[in-house]
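In my numbering, the protein residues as written are 1 to 361. Note that CB positions come from ideal geometry on N, CA and C, so glycine has one too.
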């Protein structure tokens, strides 16, 4: 893991990306075991504050946090992966504050988009509209249930929460994505597996972790399926990006902050979770041209995950009994928690968008 971080950061340095540091965390999502933690490219690199463990410090998560928002929405029952969201211009006038007008990373408005494609392509406006509908307290509560310990109980949070507007640690995000990988069950992370003396005698050994059902099993499976769906994210990422590993089923999500100070990729199989981050410890921004969703942290994530699973059989989590499948948008089927599927056993057509003027703040 150390070699991968160092090698990929050297590539970014040669591309004049202004990326000084990176981190990677590997866990077993079922047992919560921390298998590897690299907190910086070089502990002795004083110029880039290499002695700071960025796996444990606060960073903005960018779009990787959207899974919390959508998991909370799907649990309500009135949102599904087929729910059509409105990716059109919107302005929120907030009393006593500057108007908030979210934008997509690509600068394009995509019209009516089902949640599967909104999450897979990481469109921002549908995520903000979804959070507006379910309420900020709902997302905060779900995030804490899934393992985010950094969000303050009395903190002031706005709609940008779903775009990464609240700081987290990599450990927080490992718990969140580990919960999805573990069928909605959250387990605590454990850095110590066994303690032995100089003779090799075991003095202490980690016990089996207790698990808390933080997300409905069916919802966790559907959100994970969206993150595995390379076809759904083609519009934003293409079909052959480093978010895919040949012949392997891997769930993955990227995140980049608007100011280009943090770039993440987090993904998992049933056996391994890998979280990767790149940025600068002095909080200076990275270059726009080389810190997109698939060119910053993604190569670190891809190399690490590919190494871990290269000799393992492809692992596809079985569909829970409480999930059903019916014909839906774009000639494909969609998964639903039983009882939330459309009446008649088929999704309604996506509406034809009506041109509307762009609102001004």
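- In the DSSP assignment, residue 186 forms a beta bridge with 212.
- In summary, residue 283 is exposed, with fewer than 16 beta-carbon neighbours lying within 10 Å of its beta-carbon over all protein chains present.
- The Cβ atoms of residue 224 and residue 317 sit closer than 8 Å to each other.
- Annotation for residue 34: the continuous beta strand (DSSP E) segment containing it runs 33-38.
- Excluding its 5 nearest sequence neighbours in each direction, residue 38 has C-beta neighbours in its own chain below 7 Å: 1, 2, 5, 23 and 24, listed in chain order.
- Among the bridge pairs identified by DSSP, residue 153 is matched with none.
- When the alpha-carbon of residue 205 is set against those of 195, 54, 214 and 249, the nearest one is in 195.
- With 16 or more other Cβ atoms inside 10 Å of its own Cβ, residue 126 counts as buried.
- Assigned with DSSP and collapsed to three states, residue 67 falls in helix.
- The closest CA to that of residue 253, considering only 173, 90 and 49, is found on 173.
- For residue 307, the enclosing alpha helix (DSSP H) begins and ends at 298-309.
- Each residue's CA atom was taken as its position, placing residue 278 and residue 43 some 15 Å apart.
- For residue 263, there is no enclosing alpha helix (DSSP H); the residue is part of the beta strand (DSSP E) that begins and ends at 262-268.
- If you ignore the 5 residues before and after residue 336, its C-beta comes within less than 6 Å of the C-beta of 80 and 324, all in its own chain and listed in chain order.
- Within the stretch 329-358, no complete alpha helix (DSSP H) segment of 4 residues or longer occurs.
- Residue 86 carries a strand assignment under DSSP once its states are collapsed to helix, strand and coil.
- Closest option to residue 137, judged by alpha-carbon separation, among 161, 122, 118 and 114: 161.
- Bridge pairing for residue 112: 86 [DSSP].
- With respect to residue 314, residue 247 sits close: the two C-beta atoms are nearer than 8 Å.
- At the C-beta level, residue 219 and residue 341 stay beyond 8 Å of one another.
- Looking from the CA of residue 29, the closest CA among 351, 70, 85 and 191 belongs to 191.
- With a cutoff of 8 Å on beta-carbon distance, residue 9 and residue 70 are scored as not near each other.
- About 12 Å separates the Cβ atoms of residue 20 and residue 263, ruling out a contact at the 8 Å cut-off.
- The C-beta distance from residue 236 to residue 106 rounds to 7 Å, short enough to meet the 8 Å contact threshold.
- By the 16-neighbour rule on beta-carbons within 10 angstroms, residue 250 is buried.
- The beta carbons of residue 64 and residue 255 sit about 4 Å from each other, so the pair counts as a contact at 8 Å.
- Taking the Cα positions, residue 122 is about 35 Å away from residue 46.
- For residue 164 against residue 257, the beta-carbon gap comes to about 6 Å, under 8 Å, which counts as contact.
- Within the model, the alpha-carbon separation for residue 303 versus residue 309 is close to 10 Å.
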